[in-house]
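S.K.: Chains as they are written, first to last, in my numbering: chain A, 11 to 119; chain B, 15 to 128. Every residue gets a Cβ at the ideal spot worked out from N, C-alpha and C, and that includes glycine.
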Amino acid sequence: TQLLEQSPQFLSIQEGENLTVYCNSSSVFSSLQWYRQEPGEGPVLLVTVVTGGEVKKLKRLTFQFGDARKDSSLHITAAQPGDTGLYLCAGASHDKIIFGKGTRLHILP
Amino acid sequence: DVKVTQSSRYLVKRTGEKVFLECVQDMDHENMFWYRQDPGLGLRLIYFSYDVKMKEKGDIPEGYSVSREKKERFSLILESASTNQTSMYLCASSAVWIMNTEAFFGQGTRLTVV
Numbered sequence: 011t012q013l014l015e016q017s018p019q020f021l022s023i024q025e026g027e028n029l030t031v032y033c034n035s036s037s038v039f040s041s042l043q044w045y046r047q048e049p050g051e052g053p054v055l056l057v058t059v060v061t062g063g064e065v066k067k068l069k070r071l072t073f074q075f076g077d078a079r080k081d082s083s084l085h086i087t088a089a090q091p092g093d094t095g096l097y098l099c100a101g102a103s104h105d106k107i108i109f110g111k112g113t114r115l116h117i118l119p
Numbered sequence: 015d016v017k018v019t020q021s022s023r024y025l026v027k028r029t030g031e032k033v034f035l036e037c038v039q040d041m042d043h044e045n046m047f048w049y050r051q052d053p054g055l056g057l058r059l060i061y062f063s064y065d066v067k068m069k070e071k072g073d074i075p076e077g078y079s080v081s082r083e084k085k086e087r088f089s090l091i092l093e094s095a096s097t098n099q100t101s102m103y104l105c106a107s108s109a110v111w112i113m114n115t116e117a118f119f120g121q122g123t124r125l126t127v128v
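1. My assumption, with CB atoms under 8 Å, is that PRO53(A) sits in contact with PHE119(B). Please give the rounded CB distance.
2. Quick one: which chain B residues come within Cβ less than 7 Å of PHE109(A)?
3. Would ALA78(A) pass as a contact of VAL38(A) if the rule is Cβ separation under 8 Å?
4. Would you mind stating whether LEU21(A) and SER35(A) have Cβ atoms separated by less than 8 Å?
5. Which one or two residues does DSSP pair with ASP73(B) in a beta bridge?
6. Go through its chain and collect everything with a Cβ distance to VAL66(B)'s Cβ below 8 Å, but skip five positions before and after it.
7. Give the range of the beta strand (DSSP E) segment to which LYS27(B) is assigned.
8. Go through its chain and collect everything with a Cβ distance to LYS17(B)'s Cβ below 6 Å, but skip five positions before and after it.
9. Using 10 angstroms around the beta-carbon of VAL128(B), count the other beta-carbons present and answer buried if the total reaches 16, otherwise exposed.
10. Is LEU125(B) close to chain A, meaning its C-beta is less than 8 Å from at least one C-beta of that chain?
11. Determine the closest residue to PHE109(A) out of LEU90(B), GLY72(B), GLU44(B), with distance taken between C-alpha atoms.
12. With 8 Å set as the bound, which would you pick, yes or no: does the beta-carbon of LEU25(B) sit closer than that to a beta-carbon of chain A?
In structure tokens, the structure reads:
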């Protein structure tokens with residue numbers, strides 16, 4: 011069974027601080043996605059990383075795919091209250107998409 | 015914009031009822047998925063389908079069945095609803111891009127079984 015472990019499970023920090031969340035697996039994925047989910051809504055795709063070592067930036071969010079394509083990180087610079095939400099990583103393997111349990115992020119104003 | 019639409023946002027059903035959750039996507043995607051999401055357990059795959067009339071069991075198929083008669087529609091069926099099936103149900107679809115599979119989600123159906 012392929013598993014994606016996300017850490018930390020919960021994170022509550024002050025506005026303006028930086029943070030990193032992690033997504034780790036023992037399996038290799040052809041691509042890895044990060045989603046953000048707000049209460050009562052479905053997850054929304056933020057980014058897809060495909061190549062080992064790839065780094066993608068989305069404003070204050072930086073996503074990195076591990077060289078071996080087994081892990082990924084999401085770094086947020088100067089967190090804002092609008093960043094609050096559940097962040098999910100997901101790995102694509104064949105036709106399946108497997109999700110981690112998520113990191114619940116709360117940014118305090 | 016890709017649109018995945020689930021028929022209901024909220025449902026309340028009685029134990030033993032047969033429940034249908036409907037999902038429609040308008041992007042001509044081959045793959046469709048049903049997940050349930052529970053606190054502390056994350057998103058768990060119930061069933062998925064990679065083509066019309068094709069279905070594959072996910073990680074937790076017990077108590078559920080699915081139907082995919084048309085490419086755009088994927089239905090989840092609870093044959094006899096039980097209280098432990100109270101959950102948030104999420105439908106998703108994706109195209110068949112081997113290197114770049116991205117899932118597009120519906121808004122979710124929060125099902126309560128009483």
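M.R.: In brief:
1. Working through the first sequence from its first residue, we reach residue 53(A) at position 43. Working through the second sequence from its first residue, we reach residue 119(B) at position 105. Right, the Cβ-Cβ distance comes to about 5 Å (below 8 Å), so this counts as a contact.
2. Within the first sequence, numbered from 1, the residue matching residue 109(A) stands at position 99. By Cβ distance, chain B contributes GLY56, LEU57.
3. The residue given as residue 78(A) occupies position 68 in the first sequence. The residue given as residue 38(A) occupies position 28 in the first sequence. A contact, by the Cβ cut-off of 8 Å.
4. Within the first sequence, residue 21(A) is the residue found at index 11, counting from 1. Within the first sequence, residue 35(A) is the residue found at index 25, counting from 1. No, they are not a contact pair.
5. Taking the second sequence and counting its residues from 1, one reaches residue 73(B) at position 59. Bridge partners of ASP73(B): none, in fact.
6. As a position in the second sequence, residue 66(B) is number 52, starting the count at 1. Correct list, in chain order: ARG82, GLU83, LYS84, LYS85.
7. The sequence position of residue 27(B) within the second sequence is 13, counting from 1. Start and end: 24–27.
8. Working through the second sequence from its first residue, we reach residue 17(B) at position 3. Excluding residues within five positions, the ones whose Cβ falls inside 6 Å are ASP40.
9. Locating residue 128(B) in the second sequence gives position 114, where the first residue counts as 1. Under this definition VAL128(B) is an exposed residue.
10. On the second sequence, residue 125(B) is found 111 positions in, with the first residue counted as 1. With 8 Å as the cut-off, LEU125(B) does not count as an interface residue toward chain A.
11. The sequence position of residue 109(A) within the first sequence is 99, counting from 1. Considering only alpha carbons, the answer is GLY72(B).
12. Residue 25(B) sits at position 11 when you count from the first residue of the second sequence. Answer no: the Cβ-Cβ gap between LEU25(B) and chain A never drops below 8 Å.
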